[in-house]
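Remarks on the structure that follows.
2 protein chains.
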Amino acid sequence: MSLYVMKFGGSSVGDTERMKRVAGRVVEKADEGHQCVVVVSAMGDTTDDLIDQAKMLNSELPAREMDMLLTTGEQISISLLSMAIQALGRKAISFTGWQAGFRTEPVHGKARINNIHPERVNEALAGGNIVIVAGFQGMTEDGEITTLGRGGSDTTAVALAAAIKADACEIYTDVDGIYSTDPRIVKVARKLKEISYDEMLELANLGAAVLHPRAVEYAKHSGVPLIVRSSFNHNEGTVVKEEAAMEQGVVVSGIAYDKNVARISILGVPDVPGVLAEVFGALASEQIDVDIIVQSGVMDGKADFSFSVALSDRENALRVLEGLHSRLPYREVTSEDNLVKVSIVGAGMVSHPGVAAKMFQVISSQGVSIKMVSTSEIKVSCVIDGDKLHDVIKALHTAYDLDTAEQAVVGGPQVRR
Amino acid sequence: MSLYVMKFGGSSVGDTERMKRVAGRVVEKADEGHQCVVVVSAMGDTTDDLIDQAKMLNSELPAREMDMLLTTGEQISISLLSMAIQALGRKAISFTGWQAGFRTEPVHGKARINNIHPERVNEALAGGNIVIVAGFQGMTEDGEITTLGRGGSDTTAVALAAAIKADACEIYTDVDGIYSTDPRIVKVARKLKEISYDEMLELANLGAAVLHPRAVEYAKHSGVPLIVRSSFNHNEGTVVKEEAAMEQGVVVSGIAYDKNVARISILGVPDVPGVLAEVFGALASEQIDVDIIVQSGVMDGKADFSFSVALSDRENALRVLEGLHSRLPYREVTSEDNLVKVSIVGAGMVSHPGVAAKMFQVISSQGVSIKMVSTSEIKVSCVIDGDKLHDVIKALHTAYDLDTAEQAVVGGPQVRR
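These protein sequences, in sequence, are chains L and X. Using the numbering used here, the first residue of the first sequence is number 1, and each one after it goes up by one. Using the numbering used here, the first residue of the second sequence is number 1, and each one after it goes up by one.
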């Protein structure tokens, strides 16, 4: 007998028919002799409908009351799923975030979990129940209802799995698992049997958003094995764990891309100490995340440097730089979009020199120039022109021996709803 | 500065436009310099919609999960109303039942309030907030979410008013106040300026269901003045309090009726001790409330007796009696519907003999025979044939000097939605 946490997203419980299917899936697992805790999101469009109602009453959407409002979405899901499971003859009980013991920091809309007191979950399991827990929500020490923000239900599932020492946390989604790259671009993408937390983190952060990075970090920290699998079939899925068995000769596990990229360049900046700190401090204080930073050579005491930000942050970043001009007499600021960041990820590349060089060569052979580069021990990222993205990804997939004979079969786009 | 609890039902907050109107009404009160706590029900059809969804998943509607499900209805209302009030420039904060400190017995679907710990409500008021509290719900000592059952939001309002020592509890409804009788039947019904708790209790129990009897009992017990008034206009409403000022010469304050009545007769029962206890014990154990009981004379060691029950309980009651036949050899059981219970209520009748006699006389003068009678210190009830109900009520209204010159103006039927 194993203890599983099973997480189903909003589209998996979009209506009562789908709810019944999820109930059946959970009972199947219980019938195999396992203990099950189910984490579930709000049904389909519930959250959007509630937001629409709120907008009609208060355009500012005050955060504390929005948490009060939106947490009803998961509370509806858990009670209905519990009833659906009971209708199949199994004992089931639902808990809100606060009932399941989720204590968060006192922040609304994007609280972090401080700790979990899962006594009631454990007691209910011991009493033979399937336990249903509302994703995405918690409570402060003062009894205020909070939400965990983006990726919240994944994080709920992983954190709860760690707290109750589950054997695994299964994330049910609309794809079969983690693929070597986007199967919509490369038809012969391979489904990965296993992947390490670090590789998954790189992929998650790079836009292959089947799992939220925060959930992966939590899993890595606590050592809970994650299983990403489809809610529509019984295929095996991908296991995310500490030390993924490395296939013979596989250096690169996956290729990710991110279209949400803009490059900003500051030209002719006085080359004095503290300049970078000033620029990036100002950007950080506006909540703008900077990804890659490149400084070019200094000439006549002036330097040029470039950095990449999310496309959606570009206007905001340019405004911040304009505001700095009085203190920082640069010559010019330019920016560029229609870019894409392509990344190869693989734990194997640590011990294989030349992996990056091969990437640059493959990209060049497609007639594409590389604008920025960043590397980590298990990743190389290149910012390139977006026009030939598909050709570049296909060429890299082939060059790193990732093509399989079979075509990838996926239930939908490999993008998180 | 006074402290008011204001209660709005589901139809008053049926959509976002009505929600805005309620917000405006509350802010008006606050602008007069008062502290306001608002108790609100689920919006319009929300509860019914949730029940429909649940039915599709589990026809048994398990009580614990139904409480989990249905309490989301009020949670949506309170957060939206809080946002609507904030949009008008006032500080507001919403609390669920458990956050407002409602502790109930461990029963689902119809829990009674054990006690209230309103610290958070008091703190929020002290902080200058308008406080919005979810009606109809509470929490057990074990942290289980419960609902208070029928009339729950009225009870929430009154109990909270008592707990925070409010100066009054205003029940906003779709009628102007409490009338001397149903204004749909008697056009010249009079709106009562004041009425005592006891009179209101009799009227509430007798089907003039503007206020739920449980809420009136709570108010009587705690001495909180209730004000029943319209959410659609600023008319004065009716004050329900301990000692209502008695108008000169008014003996009867109101005339109520209840169509939900059936009479059951058991004929030829052996007249031995314990028979009544056996019959009514068996009915009570099936949750059947018996109202009036009449035993006729004994002949040849056999007795006949009749009792009234709610029409909806008739079949169930007959089944119970059938089950008793082996132990209780009665001759025959008969039952009768198309009946109505008409009642006159008035604190003044204690000191005015002949009030009941006058009632019997008025009913007889309409050619209607009286089937059963029951009396209390402030009430006389007669079960009669339903056919001439309107004539009887009009005649009683005139006989007890209740007719006014003006026609009653009401926003809707004097029946609780």
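Just so it is clear, CB atoms sit at the ideal spot from N, CA and C, and this is done for glycine as well.
| Item | Value |
| --- | --- |
| What are the residues in the segment 50-77 of chain L lying within 9 Å of chain X by C-beta distance? | Leu50, Gln53, Ala54, Met56, Leu57, Asn58, Ser59, Glu60, Leu61, Pro62, Arg64, Glu65, Met66, Asp67, Met68, Leu69, Leu70, Thr71, Thr72, Gly73, Gln75 and Ile76 |
| If the cut is a Cβ gap below 8 Å, which residues of chain X does threonine 16/L touch? | Gln53, Met56 and Leu57 |
| Which residue comes first and which comes last in the alpha helix (DSSP H) that contains arginine 25/X? | 16-31 |
| For a contact defined as C-beta to C-beta under 9 Å, what are the partners of lysine 20/X on chain L? | Met56 and Leu57 |
| Starting from the beta carbon of serine 308/L, find every residue of chain X whose beta carbon is closer than 7 Å, and list them in chain order. | Residues of chain X passing the Cβ test: none, with the nearest at roughly 38 Å. |
| With 9 Å set as the bound, which would you pick, yes or no: does the beta-carbon of glutamine 86/L sit closer than that to a beta-carbon of chain X? | yes |
| So does the segment 228-242 of chain X actually touch the segment 187-196 of chain X, counting three or more Cβ pairs closer than 8 Å? | yes |
| Counting pairs of beta carbons, one from the segment 354-364 of chain X and one from the segment 323-341 of chain X, are three or more of them closer than 8 Å? | no |
| Distance check for alanine 168/L and aspartate 401/L, CA to CA, integer angstroms please. | 30 Å |
| With contact counted as at least three CB pairs below 8 Å, one residue from each stretch, are the segment 89-98 of chain X and the segment 69-78 of chain X in contact? | yes |
| Taking only runs of the beta strand (DSSP E) that begin and end inside the segment 113-166 of chain L, which ones reach a length of at least 3 residues, in chain order? | 113-116, 130-134, 137-139 and 145-147 |
| Going by beta carbon distance, what residues of the same chain come within less than 7 Å of alanine 30/L, once the five residues before and after it are set aside? | Cys36, Arg90 and Ile130 |
| Sort Phe232/L, Val252/L and Phe102/L by Cα distance to glutamate 377/L and report the nearest one. | Val252/L |
| Give me whichever residues DSSP pairs with methionine 6/L in a beta bridge. | Val38/L and Glu170/L |
| CA-CA distance, aspartate 45/X and isoleucine 51/X? | 10 Å |
| Check the Cβ of glutamine 99/L against every Cβ in chain X and list those closer than 7 Å, keeping chain order. | Gly143 |
| Quick check: the Cα distance between glutamate 278/L and serine 285/L, rounded to an integer number of angstroms? | 11 Å |
| Tell me, which residues are paired with proline 62/L by DSSP? | BP columns for proline 62/L are empty, so no partner. |
| With a floor of 3 residues, list each beta strand (DSSP E) that falls wholly inside the segment 63-94 of chain X, ordered by position along the chain. | none |
| Enumerate in chain order the residues of its own chain whose CB-to-CB distance from arginine 64/L is below 8 Å, with the five nearest sequence positions on each side excluded. | His108 and Glu144 |
| Rank Ser364/L, Val224/L and Phe136/L by C-alpha distance to the C-alpha of lysine 429/L and give the top, closest one. | It is not possible to answer for residue 429/L, since the shown part of chain L is limited to 1 through 417. |
| Output yes if chain L places a C-beta closer than 9 Å to the C-beta of isoleucine 116/X; else output no. | no |
| Rounded to whole angstroms, what is the Cα-Cα separation between aspartate 174/X and glycine 268/X? | 49 Å |
| Please state the DSSP three-state secondary structure of tyrosine 257/X. | strand |
| Quick one: Cα of valine 409/X to Cα of lysine 394/X, how far? | Because valine 409/X carries a pLDDT of 46, less than 50, the predicted location of this residue cannot be relied on, and the following value inherits that uncertainty. Using only the alpha carbons, I get a separation of about 17 Å. |
| If the criterion is Cβ atoms closer than 9 Å, does the pair valine 22/X and leucine 81/X meet it? | yes |
| Checking contacts by CB at 9 Å: is arginine 416/L closer than that to chain X? | The predicted model places arginine 416/L with a pLDDT of 35, which falls under 50 and marks its position as unreliable; any figure quoted below should be read in that light. So, not an interface residue. |
| Just the C-alpha distance for aspartate 15/L and alanine 356/L, rounded to the nearest angstrom, thanks. | 47 Å |
| What residues from chain X crowd round leucine 125/L, counting only those whose CB sits closer than 9 Å? | Per Cβ cutoff of 9 Å: no residues; leucine 125/L is ~17 Å from chain X at best. |
| Keeping to the same chain, check which residues put their C-beta closer than 7 Å to that of threonine 47/X; ignore five residues upstream and five downstream. | Leu70 and Gly73 |
| Ignore the nearest five residues each way along the sequence and tell me which others in glutamine 75/X's own chain have a CB closer than 7 Å to its CB. | Thr96 and Ala134 |
| Give a yes or no on whether the minimum CB-CB distance between methionine 299/X and chain L is below 9 Å. | no |
| Reducing DSSP to helix, strand and coil, say where threonine 46/X ends up. | helix |
| For phenylalanine 280/X, which residues of its own chain have a beta-carbon under 7 Å away from its beta-carbon, when the five flanking residues on both sides are left out? | Val290 |
| Any Cβ of chain X within less than 9 Å of the Cβ of leucine 80/L? | yes |
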